[in-house]
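I have placed the structure first, in the form of structure tokens, so that the comments after it can refer back to it.
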Amino acid sequence: MACLFRRAIAEQVSQVLGLPPEKIVPRIHAVPVHRKKESPDFQLYVNSMPEGNIDTACHKENAQKLASKLATNSVISEIGTGRGCVTFKINRDLLTKTVLKKITQDGSLYGINSELLSNTPKGLTVVEYSSPNIAKKFHVGHLRSTIIGNFIANLKEALGFKVIRMNYLGDWGFQFGLVGAGFSKYGCEEKLKANPLQHLFEVYVKVSAASEKDEDMKQSAQDFMLRLENGNPQALSLWTHFRDLSIEEYAKVYNRLGVQFDEYSGESFYKEKANDVLKLLKNKGILKTTGDGKGVVDLSEQGDLSAYSVVMRSDGTSLYITRDLAAAIDRMERYAFNEMIYVTDKSQQTHFEHLFKILEILGKEQVGNCQHVKFGRVQGMHTRKGDVIFLEDVLDEARSRMLQNMANSKTSKTTEDPSDTAEKVGIAALIVQDLKGPLVNDYRFYWDQALQSYGDTGVFLQYTHARLHSLLNLWDTREKEEFDANCLQDPSVTSTLRHLLRYDEVIHKTLKELQPRYLVSYLMGLSHLANVAHHSIHVKGSSPDVAHARLLFFNNIRVVLASGMRLLGITPVDKM
Ligand code: ARG
Numbered sequence: 004m005a006c007l008f009r010r011a012i013a014e015q016v017s018q019v020l021g022l023p024p025e026k027i028v029p030r031i032h033a034v035p036v037h038r039k040k041e042s043p044d045f046q047l048y049v050n051s052m053p054e055g056n057i058d059t060a061c062h063k064e065n066a067q068k069l070a071s072k073l074a075t076n077s078v079i080s081e082i083g084t085g086r087g088c089v090t091f092k093i094n095r096d097l098l099t100k101t102v103l104k105k106i107t108q109d110g111s112l113y114g115i116n117s118e119l120l121s122n123t124p125k126g127l128t129v130v131e132y133s134s135p136n137i138a139k140k141f142h143v144g145h146l147r148s149t150i151i152g153n154f155i156a157n158l159k160e161a162l163g164f165k166v167i168r169m170n171y172l173g174d175w176g177f178q179f180g181l182v183g184a185g186f187s188k189y190g191c192e193e194k195l196k197a198n199p200l201q202h203l204f205e206v207y208v209k210v211s212a213a214s215e216k217d218e219d220m221k222q223s224a225q226d227f228m229l230r231l232e233n234g235n236p237q238a239l240s241l242w243t244h245f246r247d248l249s250i251e252e253y254a255k256v257y258n259r260l261g262v263q264f265d266e267y268s269g270e271s272f273y274k275e276k277a278n279d280v281l282k283l284l285k286n287k288g289i290l291k292t293t294g295d296g297k298g299v300v301d302l303s304e305q306g307d308l309s310a311y312s313v314v315m316r317s318d319g320t321s322l323y324i325t326r327d328l329a330a331a332i333d334r335m336e337r338y339a340f341n342e343m344i345y346v347t348d349k350s351q352q353t354h355f356e357h358l359f360k361i362l363e364i365l366g367k368e369q370v371g372n373c374q375h376v377k378f379g380r381v382q383g384m385h386t387r388k389g390d391v392i393f394l395e396d397v398l399d400e401a402r403s404r405m406l407q408n409m410a411n412s413k414t415s416k417t418t419e420d421p422s423d424t425a426e427k428v429g430i431a432a433l434i435v436q437d438l439k440g441p442l443v444n445d446y447r448f449y450w451d452q453a454l455q456s457y458g459d460t461g462v463f464l465q466y467t468h469a470r471l472h473s474l475l476n477l478w479d480t481r482e483k484e485e486f487d488a489n490c491l492q493d494p495s496v497t498s499t500l501r502h503l504l505r506y507d508e509v510i511h512k513t514l515k516e517l518q519p520r521y522l523v524s525y526l527m528g529l530s531h532l533a534n535v536a537h538h539s540i541h542v543k544g545s546s547p548d549v550a551h552a553r554l555l556f557f558n559n560i561r562v563v564l565a566s567g568m569r570l571l572g573i574t575p576v577d578k579m
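Below you can see the structure in the form of structure tokens.
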């Protein structure tokens, strides 16, 4: 596919410039398909070339000079120039055969096993995402973290990285003092078992309110927290009970979303180790004390505390960042990871900057491989119950709205389990809405917009996938690899094949920048092209050879679409 063509181009260029082909291959780009304009298949920018026998001062002239030294052959049918670049057109017959054969052979690995990606160093990646706080709201920020983190983990895993998916729960803090102290008064074991997340939150809200007015309540919450901190067995056993039931339910809801974790870690794991961190900072002379008794680390250039991070309260207890320091050091030792990625909203940017800086001061070299992937806020996401408090409510809302839309739609097919289909399509809508823009942008969420069946939505991707899948019923049992390329000369086919040439480059860019929007927009483009082709070339009523070649073409689009959707975290539906 693209690689073979890039190779053929690179070999020629290599002879002219005296550079090894491997240096040239990554600089040859498949040209995006324009709906109206005819364009070449590949381009090579002269100014992007590293060194070699070409004087890059005047790109235009150089592009022409380079082009004049290259010759067409059985692979390259046309050579031309554009602004600062040499352009190439591939022999049409070969394009059709090669791309379709490659997808048929590689299936869901198409594009992923490309030469472009094979040089990426792949090691152990820890991706930490979702990380909600037990007994508190699961807010939209946690939903975004879940969707984005899952996407990053999927992408890396597909490309051959070993990935550890980690959930770092907010499972320690004053909310446990409150629910621990108030559970006997406001809690109910049956309700807790039936719906732990909801019930714990209810108790939390009630005790919180009570402790505002009632000093005794406040005192007993503080006492409970102290007992927890001191390792009182009864207090700890209640806390463990809350934590275990919560994780069990989280796992169920994550499962609906197609999300799994290898590890449920949490702040509670590091309550003691955080004290070790404080000792370490003290021993190294890094811990400074402020006038009011707080422990801080100086982060200023000048060493004048003009910038600092608080790592210890005046009563000597640790903070969120102290636990994060302990957690990072622990993971460095335990996993010897090649990279660690934290996914949270951008309000935590300073937190992570401080965290990384302190790790650096501590001489932890692996901090160079730690990264904070930050994202913007979502406004306006409500469910029938109001503001988002539980992930489950968002998923229920997406499903019920989608079910309604499907019931109102004339084109909906009867599916065996409409509710399951609606869930998968609804979730696709949430995911695409979340991943289609630059991650750091804020956006406003509208259910109607996210659930539209046309436009750049997850519903559109699912529709396209289902439509392509339905064609498979027409396929006979003949050998799937053989087909007659002459049956695939329609311009709509060529455009689609050219778009398919770009898949590996898009994955490459998505990986490099960790920005899913490139992949989302690629899949939207693929779906549009598939729909145009579906209107232009028919399967029903065509001769067996023509029908076969076209079915193979449509199935290959479906395979690539499905594999891209899976990377995003979407489960493609076969019917809707
Ligand atoms: N529980 C935190 C919150 O809800 C997010 C944790 C992010 N991860 C971390 N290592 N600090 O804000």
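Going by my numbering, 442 is the number at position 439 of the sequence shown; the sequence numbering is gapless. Even glycine gets a Cβ: it sits at the ideal position worked out from N, Cα and C. As the structure is a computational prediction, the values presented were derived from the model and not from experiment.
In this structure the stretch 358–373 lies against the stretch 282–291, because at least three pairs of beta carbons, one per stretch, are closer than 8 Å. By the Cβ-count criterion, Cys-6 is buried, with 16 or more other Cβ atoms from all chains shown falling within 10 Å of its own Cβ. Counting of Cβ neighbours within 10 angstroms places His-502 among the buried residues, the total reaching 16 or more. In the structure shown, Val-443 adopts coil according to DSSP, grouped into three states. At least 8 Å separates the beta-carbon of Gln-465 from that of Met-343. DSSP assignment within the stretch 520–572 yields the following whole alpha helix (DSSP H) runs of 4 residues or more, N-terminal first: 520–539 and 547–571.
Taking 3 residues as the minimum length, the beta strand (DSSP E) runs contained wholly in the stretch 256–326 are 266–269, 290–292, 298–301 and 311–315, in order along the chain. An exposed status is given to Arg-38, since fewer than 16 other beta-carbon atoms sit within 10 Å of its beta-carbon. A distance below 7 Å between beta-carbons, with the five flanking residues on each side excluded, links Tyr-457 to the following residues of its chain, in chain order: Phe-463. For Arg-95, the secondary structure class from DSSP, reduced to helix, strand or coil, is helix. Within its own chain, no residue has a Cβ closer than 6 Å to the Cβ of His-354 once the five positions on either side in sequence are excluded.
Of the other Cβ atoms in all chains shown, fewer than 16 fall within 10 Å of the Cβ of Gly-389; this residue is therefore exposed.
Residue state for His-357 is assigned as helix, using DSSP reduced to three classes.
The closest CA to that of His-244, considering only Lys-159, Gly-183, Gln-382 and Asn-233, is found on Gly-183.
In terms of Cβ geometry, Tyr-449 and Gly-379 do not form a close pair [threshold 8 Å]. Between Val-313 and the set Leu-302, Asp-307 and Gly-306, the nearest pair of CA atoms involves Leu-302. By the neighbour-count criterion, in which a residue is buried when 16 or more other Cβ atoms sit within 10 angstroms of its Cβ, His-145 is buried. The three-state reading of DSSP puts Glu-484 in coil, since its state is none of H, G, I, E or B. The three-state reading of DSSP puts Asn-233 in coil, since its state is none of H, G, I, E or B. Closer than 7 Å to some heavy atom of the ligand ARG: that describes the Cβ of Ser-134. Distance from the Cα of Tyr-113 is smallest, within the candidate group Lys-105, Glu-64 and Lys-216, for Lys-105. For Gln-452, the enclosing alpha helix (DSSP H) starts and ends at 450–453. About 7 Å separates the Cβ atoms of Lys-196 and Leu-248, confirming a contact at the 8 Å cut-off.
Judged by pairs of C-beta atoms under 8 Å, the stretch 559–573 touches the stretch 87–107, as three or more such pairs exist. Asp-451 is positioned such that its CB atom lies no closer than 8 Å to that of Met-527. For the set Leu-442, Thr-325, His-541 and Glu-131, the Cα lying nearest the Cα of Lys-360 is the one of Thr-325.
The straight-line gap separating the alpha-carbon atoms of Ile-31 and Glu-64 is approximately 19 Å. For Pro-421, same chain residues with a beta-carbon under 7 Å away, outside a window of 5 residues either side, are Leu-406 and Met-409 in chain order. In this structure His-551 is buried. Its beta-carbon is surrounded by 16 or more other beta-carbon atoms within 10 angstroms.
Boundaries of the alpha helix (DSSP H) harbouring Ile-150: 143–161, taken from the DSSP string. In the three-state reduction of the DSSP assignment, Glu-41 falls in the coil class. In this structure, Leu-162 lies away from Leu-500, with their beta-carbon atoms at least 8 Å apart. The Cβ-Cβ distance between Gln-201 and Asn-136 does not fall below 8 Å. For Glu-81, DSSP records a beta bridge to Lys-92.
Taking the C-beta atoms as reference points, Gly-180 is found no nearer than 8 Å to Met-220. With a cutoff of 8 Å on beta-carbon distance, Tyr-171 and Glu-131 are scored as near each other.
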